[in-house]
Every structure is written in structure tokens, then in C-alpha cells.
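Novice: Input: one structure, supplied below.
In the working numbering, the protein residues as written are 344 to 1114.
Structure, rendered in C-alpha cells:
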């Protein structure tokens, strides 16, 4: 980067300083002459006045100093007036600071700040007498604010006179400005009130109760250290930033009006510490510099990280939390206050465990805001995201972002999830726009982003899902034959759930499909996932008959083989939270698995071996069972009615416990297949065969007699429709494969399937014969 240049106004001021010394017949041009010249620069004088300096007093005192304190050159002395060493050092220091900040121009305000590098100069004494300190100059010039309520300087005003830089107000970036404040504070903390004054913090919407409670705690004489505890994403850090906003605007009681909130950067504090004592020295230096401030508050985000921070191997038990305890207890003799934030789990496992640390903080619970509160929060942040992305959000998009986040994103909390949706929708709209007009972010854009975030089809999120639910029953009946009553049960239960009339804590539905094997139980679950456009997660419970296999579903406990591997069930649901979960042949599972399912069906959650929760609230749980199939298939003597699907009740009561049966949304019985139903299944499977052969340019037809033979021979009271697939493979596909590879169908043709003497026969016509 090239060296920064002096702004023309500053060059004139430097020349005027030397000319003033020559005019007054002074031997040297010192810092006083430089300050005198800078006061005649309109932009610098206005900046100092805005920072609180008495400009008239400075003029009067500098004139008196020139007249009374500096000796004049004799009349015959023609020595040339030259700048002093301090004069040169200050100018060089201003250039160096601007160079470090990556700026291009040096202004008079930079030179004023650099004067404090000469603390014994009379010019610095005058500046402090006028009501300024180095800290005040850096803060107020950097962020364009004045004392008291700390109003922000209007950007139009700053750009107009050319004194305030685009990013930080006067040429140094935030980190550089902090470094000028104090070494340790600049390196390891960020002053939040100053960032609020610079407009770098988002305003806080709502949270009046938490803000009021924290102000009450901070106003106490002892134990005046609040700690915000809440779930990830509820806005704990935002509450602290909101407090900084209120301090900046002067909307706090007098006891906090001049407070400064310093956010501790624990990563920077630990970075580069090599030897024992480095970390402790840094932390003590930060605390010492904070004690010198009039009203300091130290904010430690993720405060549980201080427990154990800085401990080295074999170095004893002294960590950051123990170093902070004297200041927390007030025994250090200062007025330093602390604010912490952490999650409930971390507070329980780290802070509460150290009772001496926990009793010094006052706990403030930060709860997840309601839907309406979150809508208000997003409305308050709306303009900032619109300005950043260059888009416009509709009111409907904001409300849909909140409602969809609350319904589908359960790994985090509102308002964080809703803000993320709005932010990403704005980014996507901007990237897809042609820059000719301002993109509008509506409900559809938010739904698309949610579908990608939650890994669910967009059609499942949108209003078009209603049409899908309306035709759900007909769609399933067109795929699975002969189970109309079971499909009606299932469809009505899912509609009830989607209508919002179910318990929001439970899965969408928990169903037990019972009936003989091969009647369509698994096929209904597979078809349901396809119709709804969601994933199918299938577990064959015959693999989980032993007690130790339960750990495969939720993970092995600590100390056992496989502890480092995730549970198959919990990990599948965490990865795919919107799915149909099929547990095939549930009666074969070990009894301990039923105990796990009780929790899933009651509360919609399951905790794995590492304490991570899988959310089942968007899962359709389907369990299949063949219990009672023998009773259904057993023929009754005499003229008794044909067995019905409900006749397996005794076997179900003997197999499943009452608490398990009572938690089911519905037990859906599947009837044994009849011959007419089997004929429809035959037609469907033959259609699939026609599709396969058409790819080889082969056309196949079946006579009514062939269809009837397939239906009769494929129907098995014990095995349902499963023998039909084997029958078609053995009786039809195997002979056809020979002709396709080596016979008359090698280049295509026609096949007619008929019955002669009770056996299937084929009449072939090659493609050449057909032509």
C-alpha cells in the first residue's frame, strides 16, 4: 500500500504553524503553534468542539502562552525558525497511525490524537484543561458522538465536510481505535457502546423485561453481575447489545448513563500464549485497565468458556474464572461489573458446578419469544436487511418466515431461525435479480429457502400441499388395492394432523399396521412417502431382537465399543427431520425398544447417547406387524363369516403392552387379499412388465385367461401377494429372457401370452415377421 498523503487543509495548517512562529519571532515552532494553526482549520475546530472542547478558551490560553511564556528572538538574530522534534514526531505518528489503519489521507484530527504521544507538552495540557482527554478525543472523533446521550453524527454532515471516513468516522477502523484507547483493552476487547454509536449494532426490539431486570442488577451495590441464560438463538447477546444501544441513546437511569460495555474476546486473549503466566498476565492487564475507567462493564459471551481457560498441563487449577472471582466479589476495590451469557446446558454443567462462581452472578432467564414478538423483531430489523441486500420484503414474507421457522426448524430457537430465513431469502433474491429493479421477497422465496434449509420438498411447505392432502386418499388407493378402509383411516389421521388440531409435541402420527404378510402394509408406507414428497426411513426390526442391539438405534453408552458412532435412528431423524419412519415387523423388536418408542410417541423427542435430541415432531411413524395373521388365515368351521381385519385383537393384546397401544394414534388393520383384488394387482405388475419390455422394442399382451391363471396361482392366504412376483419371474420373465437374448425377440417383436392345458404359453412374432 502507498504511503498516506496529507490532506490539503492539513498542509496549510502545518505551514501556518511555522509562519505563526516566524511572525511572532519565536525560535521554534512547537506543538502549541501546531494546535493554534489547527484551531484555525474549520473542520478540525468543529470536530474538537463537537467532542466537548472549549475552542475560545484554547485560543485565549494559546495567545497568552505565546505572549508570556516564549522568549522572542533578538532583533539582530536572523536564525531560521524550525519545527521542534516533538512537532515532527507528532506529524510522523499521525502518518504512521493512518498507515496502520490502511487509510490514504492524514487529517487534522489524526494530528490532534497523535499529540497525546507527547504527554508533557503544554498543548496537551491545554486540551485536557478544555475538557478533553485522549480517550474522549479517540472515542468521540472516531464515532462522531458527544458526551451524555452520545448522539451519532449524521453521515450527510460527515461527508459534506470531508472529515469523517466512510467506515469508522475519522480514518481508523474499529480495532485501530480500540488500540489507541489502551493496549490491552484494544487488543482483547470491543467497546459496544462505541459500536452502537457508529451504527454497527442492530437495535433491540422488545425484551423490555430482560433489559429492566439487568439494569436493576447492575444498579445493585454488591453482586451486581447479571448472567443471561437461555437456549441457543433466543437473543442473549442481542440483549447486551440492546443495553449498549440504550446507554448510547441515554435511555437508561443516571447510574448507567456513562457506562462503557467492553466485550471480552476470549480467543484473542488465549491466542499466542506460550508460557505459563502469559494468559494470566493478559487477563490481569485487562482487569487493571478496566478498573481505571469510571464506569466499566465487562461482557463475557459464552461465559462458560472461562472455566478451565488458561489452565496448562500440570499447571494447577487456577483458570480464568478464579482470576475473576476477586473482581466479581468486589474485594479488588474497584467498580467493575460483569455481564455473562451462556446456554442452559452449559450453565448447568460449568457455572452451577462452581458454586463460588455461580453465587456471584444473578441469573436472568431469556426465553424464546412468541410468534407475534418475533414478527415485531423482524419488522424492526427489516430496513437493515433491505438496505444490505438491496431488496424489499413484504409483510407476508416476514410473517411466513416466523411461522415456517417455528413449524419446521426445531434445532434452534426464534428469533434466530426466522432471521436466518429472512436473511438467506434476501441474499437469494438479490443473486437471482438482474439489477434493473429492486427484487421483492415474498412468501414463495421464503418457502424455497426453508425447503433447502430443512431438507424438505418446497411443495410440502407451500400452500399447494393442501391439494396434495385433498387427493391423498385417492392417490394411495390407486397404488395399493383392497385396503380401502386402512387407507381411509390413515388419510383422515394425517389430515387431522395437518389441520393443526393435533398435539404439537407429538409426531404427525403414530400408526400400527396389522394384518397378514404381503397385503400391502409396507407398500402403503412407501406410497405415502412418495405422495407427500418426503423421505422414507426404514428399519427392519428383526435385526433388533437382542438387548444389546438397542444401542445401535441411539448409540452406545460411554465406555462401550461404538460410543464414538452415532445412533442409527436418532442420526437418521436429525439428518432428515421430515420423513416417514417405517419400523417393519415391530413385534420382533426387543422390549427395550418399545420403551424408547413410548417417549417418541408421547413427546416427539429421543435423546441419543451424547445427549443430542432428535426431533420426531415432523415424522410420520408407521409400525407394521404380522401379529394375529394366523388367526385371520385360519378357516372357521361351518358357515361362520369370513375372518375380518379386527379379528386379531387377542393376539395384539398379548403382544403389545397397554401403554404402547394407548399411545398409538390408530391401529390400522389390513384385510387378507381376495381374488378380485388379486386381479388388480396382477394388472399392475403386468403393466410394469410391459414398460420394461417396451424399452427393448417388445410388445406383450395377455389374454383374460392368462390374467385369471396368474391371479389364482399368485394368491396365497398365508403370504398375500408376494408369491405373485415369484410366479411372474419364473413363468414369464425367465422364458422371455431367453428369447430376448438369443431368440426371435432379439431385435424386438410381439408376444401374446395365453393358457393351454392350464399352463401359460407364448406366441412370438419377431420384428421382421411383423413387418
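Idealized CB from N, CA, C, for every residue including glycine.
1) Is the beta carbon of residue 1024 sitting closer than 7 angstroms to the one on residue 1051?
2) Ordered along the chain, which non-local residues of its own chain (more than five positions away) have a Cβ less than 8 angstroms from that of residue 522?
3) With a threshold of 16 other CB atoms inside 10 Å of the CB of residue 930, please say whether the residue is buried or exposed.
4) Helix, strand or coil: how does DSSP classify residue 569 here?
5) Could you name each continuous beta strand (DSSP E) segment of 3 residues or more that falls completely within the stretch 832 to 869, going from the start of the chain to the end?
6) Entirely within the stretch 1012 to 1095 and at least 3 residues each: give me those beta strand (DSSP E) ranges in chain order.
7) Please name the residue in 627, 671, 760 and 841 whose C-alpha comes closest to that of residue 577.
8) Drop a sphere of 10 angstroms on the beta-carbon of residue 781, count the other beta-carbons inside from all chains shown, and report buried for 16 or more, exposed for fewer.
9) Taking buried to mean at least 16 other C-beta atoms within 10 Å of its own C-beta, is residue 728 buried or exposed?
10) For residue 518, which residues from the same chain have a beta carbon less than 6 angstroms from its beta carbon, with the 5 sequence-adjacent residues on both sides left out?
11) Whole angstroms is fine: what's the gap from residue 589's alpha carbon to residue 595's?
12) Is residue 816 helix, strand or coil by DSSP?
13) Keeping to the same chain, check which residues put their C-beta closer than 7 angstroms to that of residue 373; ignore five residues upstream and five downstream.
14) Span of the beta strand (DSSP E) holding residue 1116?
15) Taking the beta carbon of residue 1011 as the centre, do at least 16 other beta carbons fall within 10 Å, making it buried, or is it exposed?
16) With three or more C-beta pairs closer than 8 angstroms as the rule, is the stretch 865 to 872 touching the stretch 918 to 938?
17) Straight-line CA distance for residue 545 to residue 366?
18) Between the C-alpha atoms of residue 1105 and residue 1001, what's the straight-line distance to the nearest angstrom?
19) Go ahead and pull the three-state DSSP assignment for residue 683.
20) Kindly list the residues whose CB is nearer than 7 angstroms to the CB of residue 733, restricted to its own chain and excluding five residues on each side of it in sequence; keep chain order.
21) Count the CB pairs spanning the stretch 1028 to 1035 and the stretch 949 to 966 that are closer than 8 angstroms, and state whether there are at least three.
22) Alpha carbon to alpha carbon, what distance is there between residue 1100 and residue 1089?
23) Which residue marks the beginning of the alpha helix (DSSP H) containing residue 957, and which one marks its end?
24) Taking the beta carbon of residue 874 as the centre, do at least 16 other beta carbons fall within 10 Å, making it buried, or is it exposed?
25) Whose C-beta lies closer than 8 angstroms to the C-beta of residue 1059 among residues of the same chain, with five residues either side of it excluded?
26) I'd like to check one pair, residue 684 with residue 571: are the Cβ atoms closer than 7 angstroms?
27) Return helix, strand or coil for residue 435, following the three-state DSSP convention.
28) Taking 7 angstroms as the cut-off, decide whether the C-beta atoms of residue 736 and residue 750 are in contact.
29) To the nearest angstrom, how far is it from the Cα of residue 384 to the Cα of residue 543?
30) Against chain B, with Cβ distances strictly below 7 angstroms, would residue 570 count as a contact?
31) Where does residue 564 land, buried or exposed, given buried means 16+ other C-beta within 10 angstroms?
32) Is it right to say residue 627 is buried, meaning 16 or more other beta carbons lie within 10 angstroms of its own, or is it exposed?
33) Would you give the residue range spanned by the beta strand (DSSP E) that residue 597 belongs to?
34) Could you round the C-beta distance between residue 879 and residue 890 to whole angstroms and report it? I think they count as a contact, below 8 angstroms.
35) Can you tell me where the alpha helix (DSSP H) with residue 1122 in it begins and where it stops?
Specialist: In brief:
1) Position 681 of the chain shown, counted from the start, is the residue given in the question as residue 1024. Position 708 of the chain shown, counted from the start, is the residue given in the question as residue 1051. No; because the gap between Cβ atoms is not below 7 angstroms, this pair is not in contact.
2) Counted from its first residue, the chain shown places residue 522 at position 179. Because residue 522 carries a pLDDT of 39, less than 50, the predicted location of this residue cannot be relied on, and the following value inherits that uncertainty. For residue 522, where only same-chain residues beyond five positions count, the Cβ hits under 8 angstroms are 529 and 530.
3) Taking the first residue of the chain shown as 1, we reach residue 930 at position 587. By the 10 Å Cβ count, residue 930 comes out buried.
4) Taking the chain shown and counting its residues from 1, one reaches residue 569 at position 226. Note: residue 569 maps to strand in three-state DSSP.
5) 852 to 857
6) 1041 to 1045
7) The residue given as residue 577 occupies position 234 in the chain shown. Residue 760 is the option with its Cα nearest to residue 577.
8) Residue 781 sits at position 438 when you count from the first residue of the chain shown. Exposed, because fewer than 16 other Cβ atoms sit within 10 Å of the Cβ of residue 781.
9) One-based indexing of the chain shown puts residue 728 at position 385. Counting Cβ neighbours within 10 Å, residue 728 comes out buried, since at least 16 surround it.
10) What you label residue 518 is simply residue 175 of the chain shown in a count that begins at 1. With a pLDDT of only 43 at residue 518, under 50, the local geometry of the prediction cannot be trusted, and the value read off the model is given with reservation. In its chain, beyond the 5 residues on either side, no residue has a beta carbon closer than 6 angstroms to the beta carbon of residue 518.
11) What you label residue 589 is simply residue 246 of the chain shown in a count that begins at 1. What you label residue 595 is simply residue 252 of the chain shown in a count that begins at 1. The alpha-carbon atoms of residue 589 and residue 595 are separated by roughly 6 angstroms.
12) Residue numbering aside, residue 816 sits at position 473 when the chain shown is read from its first letter. Of the three classes helix, strand and coil, the one that applies to residue 816 here is helix, per DSSP.
13) Start at 1 with the first residue of the chain shown, and residue 373 comes out as number 30. The beta carbon of residue 373 sits closer than 7 angstroms to the beta carbons of 427, 429 and 430 from its chain, once the five residues preceding and following it are set aside; these are given in chain order.
14) Within the shown structure, residues of the chain are numbered from 344 to 1114, placing residue 1116 beyond reach of any answer.
15) Reading the chain shown from its first residue, position 668 is the one you call residue 1011. The residue is buried, with at least 16 neighbouring Cβ atoms inside 10 Å.
16) yes
17) Here residue 545 refers to the residue found at position 202 when the chain shown is read from its first residue. Here residue 366 refers to the residue found at position 23 when the chain shown is read from its first residue. Each residue's Cα considered, the two are about 53 angstroms apart.
18) Residue numbering aside, residue 1105 sits at position 762 when the chain shown is read from its first letter. Residue numbering aside, residue 1001 sits at position 658 when the chain shown is read from its first letter. For residue 1105 and residue 1001, the distance between alpha carbons rounds to 56 angstroms.
19) Translated into positions along the chain shown, residue 683 becomes position 340. Strand.
20) For the purposes of this step, residue 733 is taken as residue 390 along the chain shown, with counting starting at 1. Within the same chain, residue 733 has close Cβ partners 773 and 781.
21) no
22) On the chain shown, position 746 is the one that residue 1089 refers to. On the chain shown, position 757 is the one that residue 1100 refers to. Each residue's Cα considered, the two are about 28 angstroms apart.
23) Walking along the chain shown from the start, residue 957 turns up at place 614. Where residue 957 is concerned, there is no enclosing alpha helix (DSSP H), although the beta strand (DSSP E) it sits in stretches over 956 to 958.
24) The residue you call residue 874 lines up with position 531 of the chain shown. Looking at its Cβ environment, which holds 16 or more other Cβ atoms inside 10 Å, residue 874 is buried.
25) Locating residue 1059 in the chain shown gives position 716, where the first residue counts as 1. 861, 1065 and 1066, listed in sequence order.
26) To locate residue 571, count along the chain shown from 1; it is residue 228. To locate residue 684, count along the chain shown from 1; it is residue 341. Result yes, Cβ atoms of residue 571 and residue 684 sit closer than 7 angstroms.
27) For the purposes of this step, residue 435 is taken as residue 92 along the chain shown, with counting starting at 1. Residue 435 falls in the helix class under three-state DSSP.
28) The residue you call residue 736 lines up with position 393 of the chain shown. The residue you call residue 750 lines up with position 407 of the chain shown. In this structure, residue 750 does not lie closer than 7 angstroms to residue 736 by Cβ.
29) Within the chain shown, numbered from 1, the residue matching residue 384 stands at position 41. Within the chain shown, numbered from 1, the residue matching residue 543 stands at position 200. Looking at the two C-alpha atoms, the distance is approximately 30 angstroms.
30) The question asks about chain B, but that chain is absent: this structure has only one protein chain.
31) Working through the chain shown from its first residue, we reach residue 564 at position 221. Counting Cβ neighbours within 10 Å, residue 564 comes out exposed, since fewer than 16 surround it.
32) In the chain shown, the residue the question calls residue 627 occupies position 284. Exposed, because fewer than 16 other Cβ atoms sit within 10 Å of the Cβ of residue 627.
33) By one-based count along the chain shown, residue 597 stands at place 254. Segment: none, residue 597 is in no beta strand (DSSP E) and carries neither H nor E.
34) Position 536 of the chain shown, counted from the start, is the residue given in the question as residue 879. Position 547 of the chain shown, counted from the start, is the residue given in the question as residue 890. Contact flag wrong, Cβ pair sits at about 28 angstroms.
35) Because the chain is modelled from 344 through 1114, residue 1122 falls outside the range shown and cannot be assessed.
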